[in-house]
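Residue numbers (UniProt numbering): 1 to 361.
Dropping the structure here:
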């Protein structure tokens, strides 16, 4: 018996639909933000990154629901997304007022860490087009009626405004009516939640959305604090503690079919141990940990992990395979610049099998 019941691929237009903000990332390369005079730009966004990876790495048909202001910056984000291969039929375009007073596109600046120097991000995403989405702005039933096997969103989107959690709920309710599997990444960002109630508000939102979720992603501490009892201490990176945490969460949210979490032990900003735990059908699993992993750009590693897990579960390969796929893909995602993955499926499977990093000629 398979873990998840998915609609047949032949009857669906999309394997996965994601919803979230897509920003323009400014990357100073090897320099720091304050010293550089040149930036490289990428499209970026946690929920979008999952859809892009499933399209470009794993060959699935994916789409994104987001909102952009119709100006040159918004069209640049569109052009970058087009290169990613994700279907853009459901992007909501807002009129540009000339200065961004009514609505704007989000940007962020991200410098890579190295050694003892941490990576540093600087966000500029207030009052963006997607943060202004309200229930009723998107015809979810029309989208899901086209056939969608999997719907993905997360806590970053829900933190953007007072209305975005309601939009997420509306989308999940429609996804449920149309038979799509639903995944949610808690992805707690203190900078986004601090003005609207912090961790307590994030927990409130996540618990309200939890009844609609089939597959849950998130950092161990986030899951323990936001979906388990507040008094429960975060796990300590052991299989036993993860089993205990998930057992507790399932008592409160028995609808969860699977839970998946990365573990990261930084030795320096550029050398980490990277692994994962997962939970399905009452049993906890641990992926093969990648020790002393060299990090080029750590942003997007969690999204790379999530897309690998989704691929494994969507293909019915079981939680253990899915976790190892997620870790391998997340690790490869962190070997290149930008939020997104430029790996191939063959590279992911080579890393899963313990293949060497020797030159391929």
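We treat Cβ as the ideally placed atom computed from N, Cα and C, and that holds for glycine. Since the model is a prediction, treat every value here as computed from it, not as a measurement.
Got a sec, what are the start and stop residues for the alpha helix (DSSP H) residue i sits in?
{"i": "residue 242", "result": "239–252"}
{"i": "residue 160", "result": "Residue 160 -> no alpha helix (DSSP H), and no H or E assigned at all."}
{"i": "residue 226", "result": "220–227"}
{"i": "residue 56", "result": "46–56"}
{"i": "residue 327", "result": "319–333"}
From the DSSP secondary-structure annotation, give me the bridge partner or partners of residue i.
{"i": "residue 123", "result": "108"}
{"i": "residue 87", "result": "63"}
{"i": "residue 114", "result": "117"}
{"i": "residue 265", "result": "273"}
{"i": "residue 154", "result": "185"}
{"i": "residue 364", "result": "The structure shown does not extend to residue 364, since the chain spans only 1 to 361, so no value can be given for it."}
{"i": "residue 217", "result": "185 and 260"}
Indicate, with yes or no, if the ligand COA has a heavy atom lying under 7 Å from the CB of residue i.
{"i": "residue 288", "result": "In the structure shown, the ligand COA is absent, as is every other ligand, since no ligand is present at all."}
Under a three-way DSSP split, which group does residue i fall into?
{"i": "residue 7", "result": "coil"}
{"i": "residue 212", "result": "helix"}
{"i": "residue 72", "result": "helix"}
{"i": "residue 37", "result": "coil"}
{"i": "residue 102", "result": "coil"}
{"i": "residue 148", "result": "strand"}
{"i": "residue 272", "result": "strand"}
{"i": "residue 282", "result": "coil"}
{"i": "residue 176", "result": "helix"}
{"i": "residue 339", "result": "coil"}
{"i": "residue 185", "result": "strand"}
{"i": "residue 24", "result": "strand"}
{"i": "residue 355", "result": "coil"}
{"i": "residue 167", "result": "helix"}
{"i": "residue 297", "result": "coil"}
{"i": "residue 79", "result": "helix"}
{"i": "residue 256", "result": "coil"}
{"i": "residue 32", "result": "coil"}
{"i": "residue 315", "result": "coil"}
{"i": "residue 43", "result": "strand"}
Is residue j closer than 8 Å to residue i when the C-beta atoms are compared?
{"i": "residue 277", "j": "residue 284", "result": "yes"}
{"i": "residue 88", "j": "residue 82", "result": "yes"}
{"i": "residue 348", "j": "residue 323", "result": "no"}
{"i": "residue 185", "j": "residue 155", "result": "yes"}
{"i": "residue 157", "j": "residue 163", "result": "no"}
{"i": "residue 44", "j": "residue 25", "result": "yes"}
{"i": "residue 326", "j": "residue 153", "result": "no"}
{"i": "residue 169", "j": "residue 209", "result": "yes"}
{"i": "residue 203", "j": "residue 223", "result": "no"}
{"i": "residue 337", "j": "residue 297", "result": "yes"}
{"i": "residue 116", "j": "residue 96", "result": "no"}
{"i": "residue 103", "j": "residue 62", "result": "no"}
{"i": "residue 258", "j": "residue 242", "result": "no"}
{"i": "residue 334", "j": "residue 295", "result": "yes"}
{"i": "residue 214", "j": "residue 4", "result": "yes"}
{"i": "residue 18", "j": "residue 57", "result": "no"}
{"i": "residue 53", "j": "residue 270", "result": "no"}
{"i": "residue 122", "j": "residue 33", "result": "yes"}
{"i": "residue 49", "j": "residue 339", "result": "yes"}
Of the choices the options, whose alpha-carbon is the least far from that of residue i?
{"i": "residue 55", "options": "335, 320, 321 and 311", "result": "311"}
{"i": "residue 2", "options": "353, 318 and 350", "result": "318"}
{"i": "residue 314", "options": "338, 73, 248 and 180", "result": "180"}
{"i": "residue 187", "options": "59, 205 and 175", "result": "205"}
{"i": "residue 344", "options": "76, 30 and 60", "result": "60"}
{"i": "residue 191", "options": "240, 38, 126 and 330", "result": "126"}
{"i": "residue 106", "options": "119, 131, 98 and 143", "result": "131"}
{"i": "residue 94", "options": "137, 111, 112 and 238", "result": "137"}
{"i": "residue 91", "options": "13, 113, 133 and 53", "result": "133"}
{"i": "residue 183", "options": "321, 47 and 320", "result": "47"}
{"i": "residue 307", "options": "74, 174, 262 and 142", "result": "262"}
{"i": "residue 77", "options": "9, 112, 218 and 40", "result": "40"}
{"i": "residue 36", "options": "197, 7 and 110", "result": "110"}
The beta strand (DSSP E) with residue i in it runs from where to where?
{"i": "residue 14", "result": "14–19"}
{"i": "residue 133", "result": "Unbroken run through residue 133: none, as it is neither H nor E."}
{"i": "residue 92", "result": "92–94"}
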